[in-house]
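Residues in the sequence shown are numbered from 368 upward in steps of one, following my numbering.
Notes to accompany the following structure.
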Amino acid sequence: MDKQQPLFTPVRLGPYNLPNRIVMAPMTRSRADNPEHAPTDLHAAYYAQRAGAGLIVTEASQVSPQGVGYINTPGIHSAAQVRGWRKVTDAVHERGGRIFIQLWHVGRISHPDFHGGELPVAPSALNPNVQAFTPSGFKDTVTPRALTTQEVRGVVLDFVRGAENAMHAGFDGVELHGANGYLIEQFLRDSSNRRDDAYGGSIANRARFLFDIVDGVGNAIGHERVGVRLSPGNVANIGADTDMAALYDFVIGVLDNHPLAYLHLVEPGAGTQGGTNAIADITQRYHTIFHGMLITNNGYDRKSGNAVIDAGDADLVAFGRSFIANPDLPERFRVDAPLAQGDPATFYGGGAGGYVDYPALESEAA
């Protein structure tokens, strides 16, 4: 059956030959509940169970202490974190899988509680007016501090060091998190970037931060090991840009000139369209602008995932929540088996329950 499904046709991604086109999407699970915010044996078991994906992209991992904005999320900026992630990559590779880490800085989607009372940082001092998930519960965000030009360049270096640490930890590559209203997207949008230096003003200037990171990380570890995730329809955590189409047409057009491993696009979910200037048919539109490997994500199932590849609009499909309760999701897709449903109460935080205890198909049948 697998040869009849586009999802199960092999594909080359960067330097890697993948056995299928099913990607495990990055999902925050908040299990790094130790002082070092380092992955543990539990993380290794979780990702190893899902190594049947053609590619795993890990949960977002902060590139510096300044980049944290949620409780118990892992980082990739310390020796302890590198050691913890090495357990994960070894476990995935032993199962024959490939794994990229998502590099993250939340910017203003944070709270002083994470920073010893200091303000979070952002392109401009504009409060996103959302809530941050702090150690003492949800709290309203505050007006952040605008990064100086020199500090912006320092954050670029944090991403480069994070990528280098990822290589030391055994990852096959990295994904730059430019979606969901976090720091890279905050620089891109004129609703959150009011700077008057080289990183503000025109679309080209607002995109400079992303391109500096892409160039720095690509030069450090090889562009063919770098993916970029964008959400051109996103208005969660951030307002729409004045001209969403002009912004993302430019950004993705420039990325097309980089030999990246892939571009990962998040389709808008229900109720998250980008306002009156929303971009229609994001995946279809940008597959004609970006000629490298394109991953599409958000709301796909077995049928629609096969269809989008068969239509030629995407090369791979990322699945998120369906991977939580179905560690063997590719096998279930292959034989068209029913999917288990996850428990939202255990999506974020906790221990093994709701994390590594979902059974595989053969266990359910036994």
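All C-beta atoms, glycine included, are put in the ideal place defined by N, C-alpha and C.
| Asked | Found |
| --- | --- |
| Phe505 classed as buried or exposed, judged by whether at least 16 other C-beta atoms fall within 10 angstroms | exposed |
| Nearest-angstrom Cα separation, counted from Gln371 out to Ile691 | 26 Å |
| Exposure label - His658; buried when at least 16 CB within 10 Å | exposed |
| Inside the segment 517–556 only - beta strand (DSSP E) runs reaching at least 3 residues | 540–545 |
| Rounded distance between the beta-carbons of Leu683 and Leu632, thought under 8 Å | Actually they do not touch by this definition, with Cβ atoms about 11 Å apart. |
| Residues near Leu514 by beta carbon distance below 6 Å, same chain, minus five either side | Val488 |
| Distance between beta carbons of Leu380 and Ile676, contact taken as under 8 Å | No, Ile676 and Leu380 are not in contact; Cβ-Cβ is about 14 Å, not under 8 Å. |
| Residue interval of the alpha helix (DSSP H) (run including Ile423) | It is not in any alpha helix (DSSP H) - Ile423 instead sits in the beta strand (DSSP E) that spans 422–429. |
| Meets three-Cβ-pair contact criterion under 8 Å: the segment 699–710 and the segment 390–399 | no |
| Beta-carbon spacing of His654, Asp623 below 8 Å | no |
| Secondary structure of Arg512, DSSP reduced to three states | strand |
| Segment contact, 8 Å Cβ cut-off, at least three pairs: the segment 453–463 with the segment 401–420 | yes |
| Buried versus exposed call for Asp507 [16 or more other C-beta atoms within 10 Å across all chains shown] | exposed |
| 8 Å Cβ cutoff met for Ala647 and Arg592 | no |
| Spatial distance of Val519 from Phe576 (CA atoms) | 8 Å |
| The segment 463–483 in contact with the segment 422–441 per 3-pair CB rule at 8 Å | yes |
| Residue of Gly521, Leu555, Gly548 minimising C-alpha distance to Gly583 | Gly521 |
| Close-in-space but distant-in-sequence residues of the same chain around Asn439 (CB under 8 Å, 5 per side omitted) | Ser397, Arg398, Ala399, Asp400, His404, Gly716 |
| Bounding residues of the beta strand (DSSP E) (the contiguous stretch that carries Phe505) | 504–507 |
| Inter-residue Cα distance where the pair is Gln416 and Tyr722 | 10 Å |
| Per DSSP, cross-strand counterpart(s) of Val390 | Leu422, Ala685 |
| Thr663 - partner residues in DSSP beta bridges | Leu632, Val684 |
| Complete runs of the alpha helix (DSSP H) confined to the segment 439–479 [at least 4 residues] | 446–461 |
| Leu614, enclosing alpha helix (DSSP H) - first and last residue | 611–622 |
| Nearest to Phe481 (by Cα), restricted to the options Pro635, Gln429, Gly421, Met611 | Gln429 |
| Under the three-state DSSP convention, the category Val581 falls into | helix |
| Host alpha helix (DSSP H) of Thr650 (start-end) | 649–654 |
| Classification of His535 by the beta-carbon crowding that lies within 10 angstroms, buried from 16 upward | exposed |
| Simplified DSSP state of Asn572, which is helix, strand or coil | helix |
| Endpoints, the alpha helix (DSSP H) within which Leu409 is located | 408–416 |
| Phe700: first and last residue of the uninterrupted beta strand (DSSP E) it sits in | Segment 696–702 is the alpha helix (DSSP H) holding Phe700; no beta strand (DSSP E) there. |
| Residues sharing a beta bridge with Val378, DSSP | Leu385 |
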